[in-house]
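Trainee: My questions will all concern the structure given below.
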Amino acid sequence: MAIDAATVRKVARLARIAEPEDRLEPLAREISGILAWIEQLEEVDTDGVEPMTTSVAATLPMREDVVTEGGDPAKVLANAPKAAKDFFVVPKVVE
Amino acid sequence: MRGARRYLHSMSETTNTKLIRGRTGDWEIVLGLEVHAQVASNAKLFSGAAVGAGAEPNSQVSLVDAAMPGMLPVINRRCVEQAVRTGLGLKAQINLKSRFDRKNYFYPDLPQGYQISQFKDPVVGEGEVIVERDDGSTFVVGIERLHLEQDAGKSLHDQDPNATYVDLNRAGTALMEIVSKPHMRSSEEAAAYVKKLRTILIYLGTCDGDMEKGNLRADVNVSVCRPGGHDRFRETGSFSHLGTRCEIKNVNSFRYIQQAIEYEARRQIEILEDGGSINQETRLFDPGKGETRSMRSKEEAHDYRYFPDPDLLPLELDPAWVKAIEDSLPELPDAKKARLQSQYGLSAYDAGVLIIEQDKADFYELAARGRDAKLTSNWVTNELAAKLSASHQDFADSPIGPGAIAELVTLIEQGVISSKIAKDVFERMWAGEGAPGDIVEKQGLTQMSDTGELEAIIDKLIAENPGQAAAVKDKPQAIGWFVGQVMKATGGKGNPGVVNGLLRGKLGLG
Amino acid sequence: MTVLTDLTLKAALDGLASKSFSAEELTRAHVAAVEAARPLNAFILETPDKAVDMAKASDARRARGEAGRLDGAPLGIKDLFCTEGVRTTACSKILGDFKPTYESTVTANLWRDGAVMLGKLNLDEFAMGSSNETSAFGPVVNPWKIDRELTPGGSSGGSAAAVAAGLCLGATATDTGGSIRQPASFTGTVGIKPTYGRCSRWGIVAFASSLDQAGPIARTVEDAAILMTSMAGHDVKDSTSLDVEVPDFSQFVGKSVKGLRIGIPKQYRVDGMPAEIEKLWEQGIAWLKEAGCEIVEVSLPHTKYALPAYYIIAPAEASSNLARYDGMRYGLRVEGANLTETYENSRAAGFGEEVKRRILIGTYVLSAGYYDAYYLKALKVRRRIADDFDQAFGKVDALLTPTAPSAAFGLGENADDPLAMYLNDIFTVTVNLAGLPGMSLPGGLDAQGLPLGLQLIGRPLDEGTLFSLGGAIEKAADFQAKPAKWW
Ligand SMILES: [Mg+2]
Ligand SMILES: [Zn+2]
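Chains A, B and C, in that order, give the protein sequences.
Per the working numbering: the first sequence = residues 1 to 95.
Per the working numbering: the second sequence = residues 96 to 605.
Per the working numbering: the third sequence = residues 606 to 1092.
Below you can see the structure in the form of structure tokens.
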């Protein structure tokens, strides 16, 4: 399925990536090309095939309910672009 | 899997229609709730950081919670167990195979850029909750599902005029999202449902139910339709009979739930009556204004792109483990209510009032053993409950213990004190003056049953009021005046039964 | 005199054990080689002081008789592995100067066994690429050079180039669609992507969680086996980590392969494949026959659909995995007028073109209305591909294929054509989708004098057989060629 510039704009917004207007068309063309190639998957008969999300033939391992981490805000904030009073500081969120 | 889709209740116990009058006719409200209940656990759902409010900012945060590069989730067994326990308590289907999905969206208090939740295959399927109304009648709310998911962190908007502060202590805490069917028909029913659900969770020990801390909060789905729409929905299962719903997010008190619903239903009716239509949207309740308003920022382009979390494998439960959890369930509110009715002969209403708080029911049972069940129930649910609530205390930390109430009831039963005197004794107990027996003794509040002493008082009364005494012959109810006078003379201590008997004899009423 | 940087890992460990040289001497020789090789751009962060300190500590351990399996061995670490206190970037601007406060499990395992870190190695940004050209630090140059500069392949281009050029005795790498094996093929080195779940993913910057797997790149099959033995192991911090014993993989090298049945998948004979690669494959078959293997033709009918399925699954997972790079808690932040703009600016400035393209594709295929047609379909095709292998492994013990459809190509030659670039992984990506172990080892040189690799594919957890077969091919091929030192 070919996608257009408007779709690229929408998807870029969803992905929170600023794409300048003049990049939308070229991106739409590139991505459409890739999607067209991907669409050969339609040739594969997958009726009744169970989707495969992992190659691990095991079930979810569980941890015990024990506190083993935390207590070190400095470690959590060590790489923060902005922090104050042990909080992350981010642009004002308007609800 | 447990085949537990058991609707045991007759139609008489379904919900009550409460109509709202509009300009163009009547409307009915249809309500479905998504309750987020914080799982009682030590550590978070997918990390080893501690759970709990009140800690220093970012001090209960693991590298996983902060979504550092390369960090991976590992599920907490206790949280799964709590979800299963809750499912069993809701008489719901336990899905032995479930899985976790990612719900993708950007928000500063959502470090991963996605919430790990269960979208397609939740751990718990359909169940039901029996809910008591204020008048003691009951109705059934169907449970659609219960799933496990991560909570987000906290954004603080008041620390800085130009910035938001983010604390990730809450990020990654396990939540159970309990989704009801749209089975509630009034704000009272919605509040009663949350109240009952909260009671069940507290009995199960799976959530502390602290709504003030936000550990239990509700998303309320409100729609309105013309009368009969909901019945047709219940008959056919088709949502087409219902109106478009709006979801009011994160309401965290019974009062706000009711206010939000009342406001929202009115708002929708006004729009519809003006010929408009309802936008399916997410709204926020503003307790200050008592209004709901649209959350535009969240509304814009929400496409959560759910997909199975590739960092996690399918969650498979051992049926023996589920069975062991089931075997360890405590007596739940409905069972306790039934037992209180049969064991103590209480009415459904009284039993219902007692079981809504586990501590209250436990208190009652300790106090009532071998005593007048109804009388004990009244003292527990009226006098003591009122005192506790006025002083913001719980039955668990009541300054008057069940033994003291038992003693008080015994004094009444044995005729040592009258009910009226008992109120005085109770006040003194509350004031910390000691055990009821000691108070009665010290204050000389023992009921006068000594016939000689009472006879002297009565004889004197009749002698001083011959006219009144004569009148009683024609008008037997006038005996009340004499009873009152005797009580006055005895300072309320005259045993009413004895006083009555003596008066009847002396006044010639046989 | 021995040139310390020419030694195999095995020979170096033997030399350390016999006290022919110290870990400090060995390390200093490699530190010097790293410095001299800067034109290759293989290392994007050199940690010589740390290396020498670690080497001295190793010598002290050895003096106390406490030397571990890899004690004193200088290694390079792909910059996708988080290293405590040492800048980790995934070769993306978005991570800025990110310094992890933690150590990845795989690298921690290496340090536990006494290895020495020389520094961090270049890669395609977030491991997305097949030529190392998407790196924010610029491409790696393949030490194998002809008339022009060549790519070492990708994404583990820095790892492969460093090992081929003698800058380290071995390197960590990761493989999501071929990122260990294709660079190994392009540089005449040995690389193995173990069974999914063999190596912990904890602390490795994620690209596509269900496909990512760490493994070593080394100069010999035995060296790769030694490194694998240290890197692998169950990790309770990774829910997809396999709770299985890790054998000493080096035991398998040199074991007889007589009687093993080797499958030759006919679908790997693709149109336009250079004759030399076809010839090498035939040569590989002949070597294994001579070693006593039985050759069986097998069919993997869904092979051609592996790449398109991969280019849905990997970008989908990546679009979500990379959402955490948002400029809020670490890494690059480019402020905008409001929160949304800050997100958008940070991510636009922080991610390179290929990463953005994949995030957009991944976002699109997961979005409402397209999930079933793309993502779900790809997961079903993935199952078909895995089933093909299951069937084949009913008949054979391992498969032999070429690693890549070409030898190393010139830098910039495929840069403008994403599809042409994606085709590099045509033979390797099936293995990731099925979660199988796959090894690439050099089979010979093409007419230009560039190395070509052969790939061995095994049953889940049967890396041992791959090491035995790899050892047999290595012995028969007697690949001694080395890139001429031009840097
Ligand atoms: Mg909700
Ligand atoms: Zn939720």
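Beta carbons: idealized from backbone N, C-alpha and C, even for Gly.
Between S835 (chain C) and L715 (chain C), how many whole angstroms is the CB-CB distance? I'm expecting something under 8 Å.
Mentor: By one-based count along the third sequence, residue 835 (chain C) stands at place 230. By one-based count along the third sequence, residue 715 (chain C) stands at place 110. Confirmed, Cβ separation roughly 6 Å.
Trainee: Please confirm if the segment 287-302 of chain B is in contact with the segment 427-442 of chain B, defined as three or more CB-CB distances below 8 Å between the two stretches.
Mentor: These segments touch.
Trainee: Could you check the C-alpha separation between E394 (chain B) and A641 (chain C) for me, to the nearest Å?
Mentor: Along the second sequence, read from residue 1 onward, the residue named residue 394 (chain B) stands at position 299. Along the third sequence, read from residue 1 onward, the residue named residue 641 (chain C) stands at position 36. Residue placement at E394 (chain B) cannot be trusted, given a pLDDT of 45 that sits under 50; what the coordinates show is reported in the next sentence. Roughly 56 Å separates the two Cα atoms.
Trainee: Mind checking if V261 (chain B) is an interface residue toward chain A, Cβ cutoff 9 Å exclusive?
Mentor: Here residue 261 (chain B) corresponds to residue number 166 of the second sequence, with the count starting at 1. Taking Cβ atoms only, chain A reaches closer than 9 Å to V261 (chain B), which makes this a yes.
Trainee: Using 9 Å as the limit for Cβ to Cβ distance, is E394 (chain B) near chain A?
Mentor: Start at 1 with the first residue of the second sequence, and residue 394 (chain B) comes out as number 299. Since pLDDT at E394 (chain B) reaches only 45, below the 50 mark, its modelled position is unreliable, and the value read off the structure follows with that caveat. For E394 (chain B), the answer is no, since every Cβ of chain A falls outside 9 Å of its Cβ.
Trainee: From M166 (chain B) to F1084 (chain C), what does the alpha carbon distance come to, in whole angstroms?
Mentor: Your numbering for residue 166 (chain B) matches position 71 in the second sequence. Your numbering for residue 1084 (chain C) matches position 479 in the third sequence. M166 (chain B) and F1084 (chain C): Cα-Cα distance of roughly 40 Å.
Trainee: Is any beta-carbon of chain C found at less than 9 Å from that of E19 (chain A)?
Mentor: By 1-based counting over the first sequence, the position of residue 19 (chain A) is 19. Answer yes: the Cβ-Cβ gap between E19 (chain A) and chain C drops below 9 Å somewhere.
Trainee: In chain A, which residues lie less than 7 Å from N950 (chain C) when you measure between Cβ atoms?
Mentor: Position 345 of the third sequence, counting from 1, holds the residue named residue 950 (chain C). Those within 7 Å of N950 (chain C) in chain A are A18.
Trainee: Note down, in chain order, every chain C residue with its Cβ under 9 Å from the Cβ of G33 (chain A).
Mentor: The sequence position of residue 33 (chain A) within the first sequence is 33, counting from 1. Here the neighbours are P1023, L1024.
Trainee: Which residue's Cα is closest to the Cα of T505 (chain B): B:N171, B:Q538, B:R464, B:L483?
Mentor: Here residue 505 (chain B) refers to the residue found at position 410 when the second sequence is read from its first residue. Looking from the CA of T505 (chain B), the closest CA among B:N171, B:Q538, B:R464, B:L483 belongs to B:R464.
Trainee: Closer than 8 Å by C-beta to L1016 (chain C): which residues in its own chain qualify, once you throw out the five before and the five after it? Chain order, please.
Mentor: In the third sequence, counting from the first residue as 1, residue 1016 (chain C) sits at position 411. So the list reads S736, E738, P744, V746, R753, E754, L755, T756, once near-sequence residues are dropped.
Trainee: So what's F1032 (chain C) in DSSP terms, helix, strand or just coil?
Mentor: Position 427 of the third sequence, counted from the start, is the residue given in the question as residue 1032 (chain C). The answer is coil: DSSP assigns F1032 (chain C) none of H, G, I, E or B.
Trainee: Which residues mark the beginning and the end of the alpha helix (DSSP H) in which Y915 (chain C) is found?
Mentor: Numbered from its first residue, the third sequence carries residue 915 (chain C) at position 310. Segment 911-926, the alpha helix (DSSP H) holding Y915 (chain C).
Trainee: With a CB to CB cut of under 8 Å and the five nearest residues on each side skipped, what residues in its chain are close to Q542 (chain B)?
Mentor: Sequence index remark: in the second sequence, residue 542 (chain B) carries index 447 (1-based). For Q542 (chain B), where only same-chain residues beyond five positions count, the Cβ hits under 8 Å are G510, V511, I512, S513, I516, K588, G589, N590.
Trainee: Strictly by DSSP, which residues pair up with F87 (chain A)?
Mentor: In the first sequence, residue 87 (chain A) corresponds to position 87, counting from 1. The beta-bridge partner set that DSSP reports for F87 (chain A) consists of A:A84.
Trainee: Within a Cβ cutoff of 6 Å, which residues of the same chain sit near W122 (chain B), ignoring the five residues on either side of it in sequence?
Mentor: Here residue 122 (chain B) corresponds to residue number 27 of the second sequence, with the count starting at 1. Here the set comprises I115, V319, I364.
Trainee: Enumerate in chain order the residues of its own chain whose CB-to-CB distance from P425 (chain B) is below 8 Å, with the five nearest sequence positions on each side excluded.
Mentor: Counting from one through the second sequence, the residue named residue 425 (chain B) turns up at place 330. Answer for P425 (chain B): Y298, L299, G300, listed in chain order.
Trainee: With 9 Å as the threshold, decide whether the Cβ of A12 (chain A) is near any Cβ in chain C.
Mentor: Locating residue 12 (chain A) in the first sequence gives position 12, where the first residue counts as 1. Closer than 9 Å: yes.
Trainee: Just checking: is the beta-carbon of R23 (chain A) within a distance shorter than 9 Å of some beta-carbon in chain B?
Mentor: Stepping through the first sequence from its first residue, residue 23 (chain A) is reached at position 23. Not closer than 9 Å to any Cβ of chain B, the Cβ of R23 (chain A) fails to qualify, so no.
Trainee: What does DSSP give as the partner residues of L114 (chain B) in its beta bridges?
Mentor: The residue given as residue 114 (chain B) occupies position 19 in the second sequence. B:E123, per the DSSP bridge assignment.
Trainee: To the nearest angstrom, how far is it from the Cα of C1167 (chain C) to the Cα of S486 (chain B)?
Mentor: Since the first and last residues shown for chain C are 606 and 1092, residue 1167 (chain C) lies out of range.
Trainee: In chain B, which residues lie less than 7 Å from D65 (chain A) when you measure between Cβ atoms?
Mentor: On the first sequence, residue 65 (chain A) is found 65 positions in, with the first residue counted as 1. Close partners of D65 (chain A) in chain B (Cβ separation under 7 Å): S136, N137, A138, N171, R172, R173.
Trainee: Thinking just about the alpha-carbon of each residue, which of B:W525, B:P531, B:K583 is nearest to the one in I553 (chain B)?
Mentor: In the second sequence, the residue the question calls residue 553 (chain B) occupies position 458. Taking each of B:W525, B:P531, B:K583 in turn and checking the Cα distance to I553 (chain B), the smallest one comes out for B:K583.
Trainee: With DSSP collapsed to three states, give me the class of A776 (chain C).
Mentor: Position 171 of the third sequence, counted from the start, is the residue given in the question as residue 776 (chain C). Note: A776 (chain C) maps to strand in three-state DSSP.
Trainee: If you measure from each residue's Cβ to the nearest non-hydrogen atom of ligand 2, which ones come out under 6 Å, in chain order?
Mentor: Sorted by chain position, residues whose beta-carbon lies closer than 6 Å to a non-hydrogen atom of ligand 2 are B:H131, B:E244, B:E272.
Trainee: Scan the segment 824-844 of chain C for residues whose Cβ lies nearer than 8 Å to a Cβ of chain A and list them as they occur along the chain.
Mentor: V841, S844
Trainee: Once DSSP output is grouped into helix, strand and coil, what is the label at K750 (chain C)?
Mentor: Sequence index remark: in the third sequence, residue 750 (chain C) carries index 145 (1-based). In this structure, K750 (chain C) counts as coil in the three-state DSSP scheme.
Trainee: Any C-beta of chain B within less than 8 Å: which residues of the segment 959-982 of chain C qualify?
Mentor: T968, L971, S972, A973, Y976, Y980
Trainee: With distances taken from CA atoms, which of B:S193, B:R194, B:Q210 is nearest F201 (chain B)?
Mentor: Start at 1 with the first residue of the second sequence, and residue 201 (chain B) comes out as number 106. For the residues B:S193, B:R194, B:Q210, the minimum Cα distance to F201 (chain B) belongs to B:Q210.
Trainee: Skipping 5 residues on each side, what residues in its chain have a beta carbon closer than 8 Å to that of L503 (chain B)?
Mentor: One-based indexing of the second sequence puts residue 503 (chain B) at position 408. Correct list, in chain order: W474, A517, V520, F521, M524, P531.
Trainee: In angstroms, rounded to a whole number, what distance separates the CA positions of L685 (chain C) and I822 (chain C)?
Mentor: By one-based count along the third sequence, residue 685 (chain C) stands at place 80. By one-based count along the third sequence, residue 822 (chain C) stands at place 217. Straight-line Cα distance between these residues: approximately 14 Å.
Trainee: Specify the secondary structure class of L479 (chain B) as computed by DSSP and reduced to three states.
Mentor: Position 384 of the second sequence holds residue 479 (chain B). Helix, per DSSP.
Trainee: Report yes or no: is there a C-beta of chain B within less than 9 Å of the C-beta of L97 (chain A)?
Mentor: With chain A running from 1 to 95 in the structure shown, residue 97 (chain A) is simply not present.
Trainee: What distance in whole Å lies between the Cβ atoms of K82 (chain A) and L944 (chain C), which are believed to be in contact at a cut-off of 8 Å?
Mentor: Start at 1 with the first residue of the third sequence, and residue 944 (chain C) comes out as number 339. Start at 1 with the first residue of the first sequence, and residue 82 (chain A) comes out as number 82. L944 (chain C) to K82 (chain A), Cβ: 13 Å. No contact.
Trainee: Of the choices B:L128, B:R118, B:G586, whose alpha-carbon is the least far from that of F349 (chain B)?
Mentor: In the second sequence, counting from the first residue as 1, residue 349 (chain B) sits at position 254. Ranking B:L128, B:R118, B:G586 by Cα distance to F349 (chain B) puts B:L128 first.
Trainee: Name the chain A residues whose beta carbon is nearer than 8 Å to that of S815 (chain C)?
Mentor: Position 210 of the third sequence holds residue 815 (chain C). Residues of chain A passing the Cβ test: T53, T54, S55.
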